[in-house]
Every structure is written in structure tokens, then in C-alpha cells.
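**Q**
In my numbering, the protein residues as written are 3 to 366.
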């Protein structure tokens, strides 16, 4: 048994690390390009880009590990099945459970790793990334405004359909203010305008537009005003990231639970907090659920079905699991009474299906 255990573990690790490396590389490069674009807008150097991108690795890992693990199960067991090794082990008296034991132990280890990553490391990384973005936006050394592209300047998000860099004129301008304590939202729309970038701040001179404010003290009251000319000054020296209210995804699981129990969290923010712990647990449980469903799917190759059927089953289940997880998270945010269990729905359904497959299909 130790020899078989080591052999299956070795094959699983080879496939797992190989697939995980591919997923990490692809997703990391996508995230890296987005951060690089952000840095180009504000004049940040390459060292800032690399440092910020590294904080995204834990967040990428929590999404890549379950998918890589499922594919590794499939590749390991179907490879052994195609060479007759599964059949030989069965003839030698090994049950399907004994063959899958090394994979189960690996799943438990990965589950513990996922709990740590989703509950502590990934939120810390996300918060560091957001803080880095806020800091670089607060210390703007360069503003590169492109047409049809949102850019954050201080507490404002700026969008312009057209940009003439020679004359500094903007067409179809849209401004939205963030972190406005006096209103839920403040929006300014103008037909055209002109931008003047100085050392201390940016001056926007807008023409023929409208301003809208949603009053925080009366949600149903909207203040609107039309203007012929409107000038706004945005200082380049802004508040530090330490004054920013972190989102639920940026807090560790104990911090979220403590914040909800304190009762001091505003209802609008609490909605984003409630489903986060269950979402993280469900994401961590994915490796165990994928074990319960991935192994039976791969063992099918020793019977009449082929490798293609097992691969199709795995792909459908991966998309199904994460689709239900997203749906459960949205439901938990919309309906407070479902926040603690709705994101766990894919894990529950997966466990039920996995138990059925093990008991009914692989009982021999």
C-alpha cells in the first residue's frame, strides 16, 4: 500500500503543480496588464507595478487551486486507467476507496490551505492592492486621460467620449464622485469641457450640462441642476488610504464577524459583509466536493465510458459549482436571512451528488 500511495501522490502532484502553474501564469498576466494600465495613467514606476501585482497572488490561488485540483484528479486517474493500472489494482484487491485515499488526503490538506488563504491571506492582499491604488491616486505625478476610459482622480471618476490632447478639450464628459459623505452619489454630465492640469490640482471647465445628487438624509430625494458653465477643482493631494473604509472582501473572516456582531456597520455596508464568510467556506469546500465528484468521473474510464465523458463531466461541474456559488453570493447580499447558507448551496449539492456516485456507481 505505501508504494501505491506514493505512486498516486507523485502523479497527482505532478499534474496539480503543472496545471496550477498554467492557471497562475495566465490569470496573473491578465491582472498584471490591468495594474500596468492603471500605473501608466498615474505615472507609477515598474517597481510599484511588480509589488502591487504580487499581492494578487493569494487571490489568484484561491480560484486556481480548486480548478487545478479537479483537472489533476481527472488526468491522474484517467492516465492510470488508460494504461490498465486501475484494473491491475482492482484485480490485486484494492477498492476504489483505497485507490482514492492519497487524493483524499491531498484534498484535506488543500482544504486547510484554502481556509487560510480565503480567510486571512487573500483579504490582506486585496486590501494592500486597494490601498496601493488609493495611495498612487493620491500622489498623482501624471494624468493620462484617454477617450472612452474611466480614470480616478482624487474622489472623482472621470469619463470622456472624446479627448483632444493638443487643446485639452473633452467631449461628452461624465463625472461621478466617490466617498461623498453628504450624498449617496454625485454625478455631473456635460456636453463638452476643457481640462487644465497643474502641479497642485486639476481644473475642469464644463459647459452645457447637468448635476445630480442623491441626498443621503432622504433616499427618495434627488437634487438636479442644469448649468451653462461649471468649474470644478480637484486637488492632486488627497487623503491617504488609511482613511478608506475597506470592503468586505478586504477584511479577514474574524474581522467581518466581529464587525457584524458590533452592530456599528451601516446597513448598506453590512449587505456586502453578511455572505462573505459563507462564500469563503464554500470556495474552500470546492476541493473536497471536486474530489467526491472527480474521482467517480475518472473511474468511469475503467468501464464503458471514455475519457471524453469524464472530461465533459468535470468541465460542466466546475462551471456549475462556480455559477451556483456566484448565485448564492448574490442571493445572500439581496436577502439577509439567506446570507449565512445561500453560498453553501453548491457545496451541499455537490456532496449529495458525490455520495450518490460513490454508493450507487462505485459500490463494487
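Backbone N, C-alpha and C fix where the C-beta goes; we use that ideal spot for every residue, glycine too.
Going by the beta-carbon positions, is the gap between residue 250 and residue 295 smaller than 8 Å?
**A** Locating residue 250 in the chain shown gives position 248, where the first residue counts as 1. Locating residue 295 in the chain shown gives position 293, where the first residue counts as 1. No, the pair does not count as a contact, with Cβ atoms beyond the cut-off.
**Q** With 16 other CB atoms within 10 Å as the buried threshold, where does residue 291 fall?
**A** As a first step, residue 291 is located in the chain shown; it is residue number 289 there, counting from the start. Buried: at least 16 other Cβ atoms inside 10 Å.
**Q** Under the three-state reduction of DSSP, which class applies to residue 190: helix, strand or coil?
**A** Residue mapping note: residue 190 aligns to position 188 of the chain shown, counting from 1. It is a strand residue.
**Q** Just how far apart, CA to CA, sit residue 289 and residue 102?
**A** Translated into the one-based positions of the chain shown, residue 289 becomes position 287. Translated into the one-based positions of the chain shown, residue 102 becomes position 100. Near 14 Å, if we compare the C-alpha coordinates of residue 102 and residue 289.
**Q** Within 8 Å, do at least three Cβ pairs link the stretch 145-159 to the stretch 317-325?
**A** Flag = no, the stretch 317-325 and the stretch 145-159 do not touch.
**Q** Return helix, strand or coil for residue 2, following the three-state DSSP convention.
**A** Any answer about residue 2 is impossible in this case: the structure gives the chain only from 3 up to 366.
**Q** Please return the same chain residues whose Cβ sits closer than 6 Å to the Cβ of residue 347, not counting the five positions on each side in sequence.
**A** On the chain shown, position 345 is the one that residue 347 refers to. 326 and 330, listed in sequence order.
**Q** Please report the straight-line C-alpha distance between residue 278 and residue 266, rounded to a whole angstrom.
**A** On the chain shown, residue 278 is found 276 positions in, with the first residue counted as 1. On the chain shown, residue 266 is found 264 positions in, with the first residue counted as 1. Roughly 17 Å separates the two Cα atoms.
**Q** Determine the burial state of residue 27: buried for a count of at least 16 other Cβ atoms within 10 Å of its Cβ, exposed for fewer.
**A** Taking the first residue of the chain shown as 1, we reach residue 27 at position 25. The residue in question, residue 27, is exposed, as its Cβ has fewer than 16 Cβ neighbours within 10 Å.
**Q** For residue 129, which residues from the same chain have a beta carbon less than 8 Å from its beta carbon, with the 5 sequence-adjacent residues on both sides left out?
**A** Here residue 129 refers to the residue found at position 127 of the chain shown. Correct list, in chain order: 248, 252 and 253.
**Q** Considering just the uninterrupted stretch of the alpha helix (DSSP H) at residue 32, what are its terminal residues?
**A** For the purposes of this step, residue 32 is taken as the residue at position 30 of the chain shown. Segment 4-44, the alpha helix (DSSP H) holding residue 32.
**Q** For the putative contact between residue 6 and residue 76, defined by C-beta atoms under 8 Å, what is the C-beta separation to the nearest angstrom?
**A** The residue you call residue 6 lines up with position 4 of the chain shown. The residue you call residue 76 lines up with position 74 of the chain shown. Not a contact, Cβ separation roughly 19 Å.
**Q** Taking Cβ to Cβ, would you say residue 113 is nearer than 8 Å to residue 359?
**A** To locate residue 113, count along the chain shown from 1; it is residue 111. To locate residue 359, count along the chain shown from 1; it is residue 357. The answer is no: Cβ separation not under 8 Å.
**Q** Let's test the definition: count the other Cβ atoms within 10 Å of the Cβ of residue 52 and tell me whether it reaches 16, buried, or not, exposed.
**A** As a working mapping, residue 52 is identified with position 50 in the chain shown. Residue 52 is exposed by the Cβ-count criterion.
**Q** Which residue spans inside the stretch 306-345 form an unbroken alpha helix (DSSP H) run of at least 4?
**A** For the stretch 306-345, whole alpha helix (DSSP H) runs of length 4 or above, ordered along the chain, are 309-336.
**Q** In its own chain, which residues sit with a C-beta less than 7 Å from the C-beta of residue 367, not counting the 5 before and 5 after it?
**A** Any question about residue 367 goes unanswered here, given that the chain covers just 3 to 366.
**Q** With a threshold of 16 other CB atoms inside 10 Å of the CB of residue 83, please say whether the residue is buried or exposed.
**A** The count along the chain shown starts at 1 and reaches residue 83 at position 81. Buried is the call here.
**Q** Quick check: the Cα distance between residue 9 and residue 116, rounded to an integer number of angstroms?
**A** Here the question's residue 9 lines up with position 7 in the chain shown. Here the question's residue 116 lines up with position 114 in the chain shown. When rounded, the distance between both Cα atoms is 25 Å.
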